[in-house]
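These notes are about the structure you will find just below.
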Amino acid sequence: MTEEHDLIVVGMGVGGEEVAGRASGAGMDVLAVESKLVGGECPYWGCIPSKMMLRAGNSLAEAARVTGLAGRSTISPEWAPVAARIRETTANWDDKVAVERHEDKGTKVVHGAARLVGDRAVEVNGERFSARRGIVISTGTEPAAPPIKGLKGAGYWTNREAIEAEEVPRSLAVLGAGAVGLELGLVYKRFGAEVTVIETADHVLPAEEPENGDALAEALAAEGITLHTGTSATSVARSERGFTVELATGAPVETDELLVATGRAADLARLGVDAAGLDPEGKFIEVDDHLRAGDGLWAVGDVTGVGLYTHIAVYQGRIAAADILEQEHAPADYSAVPRVTFTDPEVASVGLSEAQARERGLSTATGIGATAASARGHIHGPGAEHGVTKLVADTDRKVLVGASTMGPAAGEVLGLLVLAVKASIPLSTLADLIYPYPAFVRGVEDALTDLGTF
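Position 215 of the sequence shown, counting from 1, maps to 215 under my numbering, and the rest follow consecutively.
Put into structure tokens, the structure is as follows:
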């Protein structure tokens with residue numbers, strides 16, 4: 001027998017929660033299916049606990065910076081309170097409160113792995129469910145490991161093991177110098193681990209501007225983190241002593257724990273997307289600008305491959321819900337997606353890099369302002385020595401098409417730049433703004449001055 005609902009949401013990460021909440025609030029009969037925990041990766045193994053870890057590590061760094069600014073300090077890092085705070089925040093990885101929040105809105109929540117079995121139909125735990133309006137896929141992604149000899153089954157860490165760790169290893173090697181690898185590597189270094197980061201690209205944060213990638217590398221090296229860029233791991237061996245990672249160039253790396261942070265991918269075959277006419281071998285589900293993946297089928301969040309960010313998932317969930325409810329809404333626009341790496345210092349960016357703008361054939365000019373050279377950088381001192389604000393302008397339209405900034409609280413400065421790119425604010429208007437002195441945001445004014453007029 002098939003149980004029927006108006007809408008089925010498969011995957012209750014933040015994107016799925018957004019759709020389910022809005023649909024239930026509009027009076028729809030919603031079934032929500034989640035294979036792990038309602039809330040998804042972000043509150044349990046991602047953005048929330050990792051930033052709590054970073055907050056703890058940053059407090060240690062600030063204490064160390066007292067010397068030369070305000071006297072002397074003695075620091076004794078302890079991991080136990082960090083682990084305890086994470087367990088408390090995640091309710092020891094229990095989603096009871098999240099489930100009740102949705103049930104109170106009228107949503108039926110079922111735990112289990114859903115598989116598409118036909119047009120607007122899924123099977124969960126041996127039971128079949130169908131949807132009158134359609135199905136939303138929000139199953140997210142799983143950590144993806146590169147095909148390195150000996151890596152599969154070696155017992156390496158992903159972000160989940162790094163978040164749940166009850167103690168700090170003596171040494172940690174990290175494969176991948178993206179946001180996840182660098183954030184977690186920095187945390188463990190500040191709590192006493194010897195950290196080595198291995199990256200195939202020529203600089204860390206390869207998706208970001210090279211100026212800030214190079215500057216962040218300097219900051220991480222100053223922390224005592226060993227960086228191997230422009231090389232790759234060729235094999236991994238596990239023993240009682242830990243891991244041995246052979247590199248394409250240089251000496252092998254011996255480490256107690258190995259964190260693989262080389263990317264994520266969706267498991268579409270397990271989801272049975274071929275039943276909906278989609279490619280089960282695809283990395284992600286392709287959607288249009290209303291998040292439609294087919295007739296009566298929508299997809300939101302990481303599974304779309306648009307951007308593996310919580311704010312993208314929520315944004316897409318809002319659009320998909322409006323489309324499902326046949327409400328007037330604007331199509332998805334990803335021209336001004338904010339990106340923040342919460343290292344110390346932070347690296348924040350929006351829109352196109354200089355290289356991307358030139359690849360698109362735009363008439364491009366850039367302006368740069370050094371964080372350390374700003375008044376606030378001088379005042380701040382330790383912790384503000386590295387990085388720049390870089391603006392990428394389309395000289396034909398006289399607007400910004402991209403921007404990046406690096407420094408303490410760079411993610412907070414980014415808001416202005418997101419608005420500038422999204423709204424195509426004229427450069428003349430940005431130059432005419434009165435920027436508060438001596439705030440970090442004045443780095444934008446410095447970069448505008450360097451950009452000049454054209």
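Yeah, the Cβ is synthetic: ideal placement off N, Cα and C, and Gly gets one too.
Fair warning: this is a prediction, and the values are worked out from it, not measured in the lab.
Of the other Cβ atoms in all chains shown, fewer than 16 fall within 10 Å of the Cβ of Q327; this residue is therefore exposed.
The alpha helix (DSSP H) runs lying completely inside the region 367-393 and spanning 4 residues or more are 375-380, given in chain order. Shown here, L247 sits in a strand according to DSSP, grouped into three states. A residue is called buried when at least 16 other Cβ atoms come within 10 angstroms of its Cβ; H378 does not meet this threshold and is exposed.
The C-alpha of G71 is placed about 28 Å away from the C-alpha of A370. Burial state of G126 is exposed, judged by a 10 Å Cβ sphere holding fewer than 16 other Cβ atoms. One alpha carbon belongs to G16, the other to T74, and they sit about 46 Å apart. Secondary structure of W45 (DSSP, three-state): helix. Taking a cut-off of 8 Å on C-beta distances, the region 330-337 touches the region 311-320, as three or more cross pairs fall below it.
For P338, the uninterrupted beta strand (DSSP E) segment begins and ends at 338-341. Here I368 has V388, K390, A447, D450 as same chain residues with Cβ atoms under 6 Å from its own Cβ, once five neighbours each way along the sequence are excluded.
Between F440 and V413, the CB-CB gap stays under 9 Å. Annotation: the continuous beta strand (DSSP E) that includes R133 extends over 127-137.
Straight-line measurement puts the Cα of T405 at about 22 Å from the Cα of L227. Distance from L291 to R115 at the Cβ level is roughly 21 Å; contact not present, criterion being Cβ atoms closer than 8 Å.
Closest by C-alpha distance to I198, out of P436, V236, H329, V122, is V236. Straight-line spacing of the CA atoms in L216 and A64 works out to 19 Å.
Within 10 angstroms of the beta-carbon of I434 lie fewer than 16 other beta-carbons, which makes it exposed.
When secondary structure is reduced to three states using DSSP, M406 falls in the strand class.
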